[in-house]
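Visitor:
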Amino acid sequence: MSRLSFKSIEVEQFLQFRNAVAIDRLDDGLNIIAGNNEAGKSTLLKALRAALFDRYKSNVGESFRPYNAAVNPKVRVIFDLDGVEYRLTKVFSKAKGGEASLEADNGHLWEGPEAEDHLEELLGFSHAGRGGSRPELQGLAGLLWVEQARAFERVMLTDQSRDRVQGVFENEMREMLGGEQGESLLRRIEKQRSEYFGAKGNPIGDYHKLRIRTDELQEELKSKRDELKEYEDKVDKLERRQAELDDYRKEKSLEKAKERIDALNETIKRLDALKTEVDAGTERLARANAERDAAKQTLDMRIKLADESKKAQEEMQAAEQSVKKTEDQLAPLSDRLEGLRKELGDSKTLLTKKESELRSAQDARSLNDLLSKHRQLDEALKKAKDEDKKRRQCSSQSEAIAITKKVLSKLKKIEHEIVLAEERLKAAATSIEYRLQSDAEVKLGDRALVGEGTSLLTEKTEIRIKGVGEIAIIPGGEDLDALRREVEKKGHLLEQELVKVNAKNAAEAETSLNRKNDLEKQASLHKATLDGLAPEGIQVLEDEVGAIEAQRDSLLERLGDDADKDFDIDALESEVATLKRQVSAKEKDVLTQERAVQEIKEALSGLRGEKVTAERNAKNKDSELTKARGEKSDEALQEALREKEREVEIGGDRLDKANKALDAENPEAVETDLERSKRAFDDMKKRGEELDRDVRDLKVELATLGQKGLADEVASIEESHASAALQLDSMDRQAKALDLLHRTLTEALRHAKEAIAEPIVSKIKPYLRQLIPGAEPSIDENLVLTGIQRAGATEGFDGLSIGTREQLAILIRLAYADLLSEANIPVTVILDDALVNSDDERRDRMKNILYDAAKRYQILVLTCHEKEYTNAGGNLIRLEDAISESR
Amino acid sequence: MSITLIHTADWQIGKPFSNVPGDAGAALRGQRIDTVKAIAELAQARDVDAVLVAGDVFDDNAISDESLRRTVNAMAPYKGPWVLLPGNHDSGLRQSVWSRLTKMGVAPENVILAVEPEPIELCQGRLVVLPAPLQRRHEVRDITEWFDAHPTEGGAFRVGLAHGSVTNRLPEEATNNNPISDTRAESAHLDYLALGDWHGTLEVAKRTWYAGTPEQDRFKANDPGNILLVTLEDVGGEPDVEKIPIGRYRWERVDFEVMDEQSLEVLDRQLSELGESERILMRLRLEGALGLATRQHLDDLIERWRARLHFLGVDDAKVVAQPSPDDIAELGATGFIKKAIDDLASIGRDEAHPDHESAGRALQILYLEQKGLQSGSVSSKR
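Next comes the structure, spelled out in structure tokens:
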């Protein structure tokens, strides 16, 4: 088995690796290269790709140079291929410094482009014409080396990789797919089939038209054959009808039926004569019966009339007796009634007299009561009027005094203020003391001063002394004017108030007020006394006295002389009650007796009416009977009845005989026979006419139809139909054959495609079962994993979870690697953080799978999750260690 | 003095040929009137005393007036008496070709319509024709009975004319309708009994003949296509009957087993030996198993013969396609195409398979396509 194993990768001045860093000690199997983010895992992988696939002199070399580095990027890779160890060294530079060398441990050495070309041959890839290498040029590395962050993408085979993978079973595959010829053939068959069938497998185009045409012809043929059949049926019908018509004519049935009808008509005529005779006899008998009934009725009425006359006489006598008997009963009853009525009158007169006496006694007692009451009330009235008078006097006197308590206090207050104001004025005024000579004519102001005295001046005052002149004294000090005006103002105010209350001064006003209060108290005492005497007022009391006086006067007038008489009221009351009871009992007796007399009178009146009626009836009946007997005697009536009864007997016998003669001829049977014969005749006639008409119509119709040449038409359509059917048959066979061929080819192709995928399927299956138990891979003829089948359902790759996708993407790569490796094609699988989206369980299963696969070829797993791979069973290399070692 | 008659029957003018579609069928229909003309010309040439047509002159009572007229016109070359008898196809109903012919008045006087069972005297009384016209399609009684009870005076020849099945003499396939006693010729003292209904020429009883149809109309080899020239020498003597072929078309049925190229050559030779191919209608029934190349050759052969013959109907349902290793090699069929060929071949062998009948043809199409493709690709390479 061919193997490719990388032993070590060494980089220097390559992107972030300025110093030389070497990853060595790589195993043939599973290697885990762990490093933190940014440690340079992917750069390492990039360096590996660059060393293998990029020309050292290409432009891309510059892009590998670290920032501002002067030294050229350098990569050295040591790998083992089929037991030979190669050392590949590349220094990237377009200028002189660039170099490439490939040195084998068997002594071979290639340098420069030659080294690169040899490498291309060894590993099976192409260098890019321009720019950097691309996965599609990198052969199997493009397929099996998974870049970071692309791990979950669907794995597509590039041309190069497909060639390499398919190269494994190239011959079989080409053969299975039938190559270009196979596809072309299938297309041509498809095209041919599409001339017959549409997308849904329905016939189209000429094929479809021909089918329709054939069906139409079939229909047309059927319809035409039916028409021909109808024509033939009519021919047969004509044949039958004609035969029937011939028979009909030959048998002469119609004439025979006519003869029979004529014979029956004769019989009927005879029967009609007999019927007339019976009818006449019946009528006669009926008439005789009626006459006999009338005679009998006349006789019966005569007998009845005689009976009635007799009965009326008897009834008249009975009525007369009844009247007499009742008159006898009435007389004594009337006498007794008169007696009772007289007794009642006497009792009533006595009662009236006693009642009058009782009333006078009662009036006398009432009068006494009234007089006593009148005396009391009249006295009270007088007192009340007196009291009222006194009360009114007190009230009017009190009202005449205008002073009130409030006014009084106001007056006192003003007086006090005046005193105060005058004191202040006096204090401020100029005092003049004078002692005048007696003849001195001195005037102080307008006042003439005499003798000796003092005067207070409160304002400018002139002192005129006759013959002397005038001296004006002007008091000084306080504002005398204002004080004086104050005194005047208050004095004026006091005066006004005193006028209002009609007093000279406040002391007088106070005396008046005390007097007013006394008067009011007296008025109130009188009022209380008045209320006690006449609680409802004097007027009411006066009215009451008036009313009693009126009653008194009325009673006095009624009693007249009896006013002073003494009555025994109790005795009178007892007498009146007894009399009332007697009167009532007698009235009752009179009423009873009156009713008895009235009843008998009414009965008598009715009996008298009856008697009159009976007399009139008896008279009428007697005269009616006498008149009837005068017209026709009872014997004559009896004889007439006997005569009519004889006539009835004779008529009955004659009718009987006539009926017997008619019955003997059986007229009903004759009628029925005639009716039947007529019906039969009509039917036969109708039948004959029908046959005639049918034959005539059919002949006309057939003569027209016959010319059409239905048979020719049928023949012609039959041929057209047969021709179309034959053509359709041929087309049908071609169409079916094409369809079958198409189906068979399609099926075979599908089968072939499945077979092509089989090697890959067989490789991936064990992995898949381990990863997802129960799942089956779906791999197309291009060997691409398109999805998986689980529980009978197909799930497309792109529809799966991102974790499952990245796992499956690894599995299919492992399957390719297995296949290639078995075919001695050297492979290495590199996975750069390819399982970041997997859960722990799946990752564990994947580790198992990777461990197993790494027994067959080298696998490099680059990861930043070292912990997760410590148990992967691989050779663990820490990138950080490698970097630190290099320093 | 002898009498010469032409006895013919079952012209069935207007008969459709639905199993021979298209122009070939139309030609067959037209030919029947041409054959009547040929009979008339022969009768005229041989100067016969009368032409007796024993029923089914027309295929149907409902054929067109045009067909009636053309038939009568075709009879024109013979000026002697024609006796036309109604048969089961053209029974003498009140409404029939016969009533229409009478009404149309197109038949000349020498054309006698034997629509009533009454003797017809011809040749100045030397020949009495006793006709038994069918007056409905099917009779259960023997309507030739009246021949017995109708003697002829004056030593004239008695010739019966009837249409139906002679009892006890015909194969079972013949219908039992319209029975005719096989001893009628004797019992009625007939010199000759001219019959129609059986389409092959047949001496069915003593002095009793079916003329057969003059123009063959089905694939049945019972000697059709003739008329009978009957010469009566003496009353009560034996008739001299000469069979004269007159029909144009031959209806041949060929069954053949194909198996290889060589057998195709045999078939080709066999068909060539039939001669007059343009007058032959053929039903070719093939069976056998063939490789794809040979099958293609067979198809070519069939197409060649279809062009030559008046009509060729081929039943190849029993020819199974059996692709040989050579076929497959020749086709260069590999991969799924080879599988498809195998599948189709196996379907073709499996009679129970629903696509059984289409498999052979499918293979044939595949064969043609693939060959076309290959030659196409070769030419494109040039």
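Chains as they are written, first to last, in numbering that gives the first Met the number 0: chain A, 0 to 886; chain B, 0 to 381. The beta-carbon is built from N, C-alpha and C at its ideal position, and this holds for glycine as well.
Can you tell me whether DSSP reads M281 (chain B) as helix, strand or coil?
Guide: Three-state DSSP puts M281 (chain B) in a strand.
Visitor: Assuming N87 (chain B) contacts L133 (chain B) under a Cβ cut-off of 8 angstroms, what Cβ separation, rounded to an integer in Å, is found between them?
Guide: Sure, about 6 angstroms apart at Cβ, within 8 angstroms.
Visitor: Can V76 (chain A) and A50 (chain A) be called in contact, C-beta distance under 9 angstroms?
Guide: Contact flag set, yes.
Visitor: Under the rule that 16 or more other beta-carbon atoms within 10 Å means buried, what is Q11 (chain B), buried or exposed?
Guide: That one is buried.
Visitor: Note down, in chain order, every chain B residue with its Cβ under 9 angstroms from the Cβ of R732 (chain A).
Guide: Ordered by position in chain B, the residues that pass the 9 angstroms Cβ test against R732 (chain A) are E356, S357, R360.
Visitor: Work out the CA separation of P150 (chain B) and L121 (chain B) for me, nearest whole Å.
Guide: About 16 angstroms.
Visitor: Taking 7 angstroms as the limit between beta carbons, can you name the residues of its chain near E54 (chain A), skipping five residues before and five after?
Guide: Per the sequence shown, residue 54 (chain A) should be read as Arg rather than Glu. Counting only Cβ-Cβ distances below 7 angstroms, and skipping sequence neighbours, we find E115, H126.
Visitor: Please list the terminal residues of the continuous alpha helix (DSSP H) segment that includes E202 (chain B).
Guide: No alpha helix (DSSP H) holds E202 (chain B); the beta strand (DSSP E) holding it covers 201 to 204.
Visitor: If we count the other Cβ atoms within 10 Å of its Cβ and call it buried at 16 or more, is H415 (chain A) buried or exposed?
Guide: So H415 (chain A) counts as exposed.
Visitor: Can you tell me the Cα-Cα spacing of G531 (chain A) and G559 (chain A), whole angstroms?
Guide: For G531 (chain A) and G559 (chain A), the distance between alpha carbons rounds to 38 angstroms.
Visitor: Give me the residue from A:I31, A:G82, A:F5, A:Q217 with the minimum Cα distance to L725 (chain A).
Guide: Answer by Cα proximity: A:Q217.
Visitor: Three-state secondary structure (DSSP) at F889 (chain A)?
Guide: Residue 889 (chain A) falls outside the range modelled here, since chain A spans only 0 to 886, and no answer is possible.
Visitor: Output needed in chain order: residues of the segment 59 to 70 of chain B with a Cβ under 8 angstroms from some Cβ in chain D.
Guide: Within the model displayed, chain D is absent; protein chains A and B are what it includes.
Visitor: Would you tell me roughly how many angstroms separate the C-alpha atoms of S164 (chain B) and A668 (chain A), rounded to the nearest one?
Guide: Their backbone Cα atoms lie some 58 angstroms apart in a straight line.
Visitor: Indicate whether the contact test is met: 3 or more Cβ pairs, each with one atom in the segment 563 to 570 of chain A and one in the segment 306 to 316 of chain A, closer than 8 angstroms.
Guide: They do not touch, by the three-pair rule.
Visitor: In chain order, what residues of the same chain lie with their CB nearer than 7 angstroms to the CB of K892 (chain A), ignoring the 5 residues before and after it?
Guide: The question about residue 892 (chain A) has no answer, for chain A in this structure spans 0 to 886.
Visitor: Along chain A, in chain order, which residues have C-beta atoms closer than 8 angstroms to that of N177 (chain B)?
Guide: Neighbours of N177 (chain B) on chain A: none; closest Cβ ~16 angstroms, over 8 angstroms.
Visitor: I need the boundaries of the beta strand (DSSP E) containing Q857 (chain A), first residue and last residue.
Guide: Per DSSP, Q857 (chain A) belongs to the beta strand (DSSP E) from 857 to 862.
Visitor: Between I537 (chain A) and L524 (chain A), is the Cβ-Cβ spacing less than 9 angstroms?
Guide: Taking 9 angstroms as the Cβ cut-off, I537 (chain A) and L524 (chain A) do not qualify as a contacting pair.
Visitor: V82 (chain B) to I111 (chain B), Cα distance in whole Å?
Guide: Spanning the two alpha carbons is a distance of roughly 5 angstroms.
Visitor: Measuring alpha carbon to alpha carbon, tell me which of B:R168, B:A361, B:P80, B:A193 ends up nearest Q43 (chain B).
Guide: Looking at the Cα atoms, B:P80 is the closest of the given residues.
Visitor: Under three-state DSSP, which class holds H188 (chain B)?
Guide: Note: H188 (chain B) maps to coil in three-state DSSP.
Visitor: How far does the alpha helix (DSSP H) with I649 (chain A) in it reach, from first residue to last?
Guide: Element bounds for I649 (chain A): 633 to 663.
Visitor: In terms of alpha-carbon separation, which member of B:I346, B:R294, B:P107 lies closest to E264 (chain B)?
Guide: That would be B:R294, whose Cα lies nearest to the Cα of E264 (chain B).
Visitor: Would L697 (chain A) pass as an interface residue toward chain B - the criterion being a Cβ-Cβ separation below 9 angstroms?
Guide: Chain B contact via Cβ: present.
Visitor: Could you check the C-alpha separation between V35 (chain B) and E256 (chain B) for me, to the nearest Å?
Guide: In a straight line, the C-alpha of V35 (chain B) is about 39 angstroms away from that of E256 (chain B).
Visitor: If I'm right that R594 (chain A) touches V322 (chain A) with Cβ under 8 angstroms, what's the distance once you round it to whole angstroms?
Guide: Rounded, the Cβ-Cβ distance is 22 angstroms, inconsistent with contact.
Visitor: Comparing alpha-carbon positions, which option in A:Q788, A:G708, A:L339 lies nearest K585 (chain A)?
Guide: Checked all of A:Q788, A:G708, A:L339; the closest Cα to K585 (chain A) is A:L339.
Visitor: Name the two residues that bound the continuous alpha helix (DSSP H) containing L497 (chain A).
Guide: Run containing L497 (chain A): 479 to 499, per the alpha helix (DSSP H) assignment.
Visitor: Helix, strand or coil, according to DSSP, for I8 (chain A) in the structure here?
Guide: In the structure shown, I8 (chain A) sits in a strand (DSSP, three-state: E or B).
Visitor: Near E664 (chain A), what residues of its chain come up, given a Cβ to Cβ distance below 6 angstroms and the 5 sequence neighbours on each side ignored?
Guide: Same-chain partners within the cutoff: L270.
Visitor: Under the assumption that L289 (chain B) contacts Q261 (chain B) (Cβ atoms under 8 angstroms), give the Cβ distance between them as a whole number of angstroms.
Guide: Contact doesn't hold; Cβ gap of about 12 angstroms is too wide.
Visitor: Could you please give the first and the last residue of the uninterrupted alpha helix (DSSP H) stretch that includes F335 (chain B)?
Guide: Residues 334 to 348.
Visitor: Look at the Cβ atom of A816 (chain A), then the Cβ atom of A833 (chain A), and state whether they are nearer than 9 angstroms.
Guide: Cβ distance not < 9 angstroms, so A816 (chain A) and A833 (chain A) don't count as in contact.
Visitor: Excluding five sequence neighbours on each side, which residues of the same chain lie with their C-beta closer than 8 angstroms to the C-beta of S378 (chain B)?
Guide: Residue placement at S378 (chain B) cannot be trusted, given a pLDDT of 32 that sits under 50; what the coordinates show is reported in the next sentence. Correct list: empty, nothing qualifies.
Visitor: Please state whether DSSP places G559 (chain A) in a helix, a strand or coil.
Guide: Residue state, collapsed to three classes: helix.
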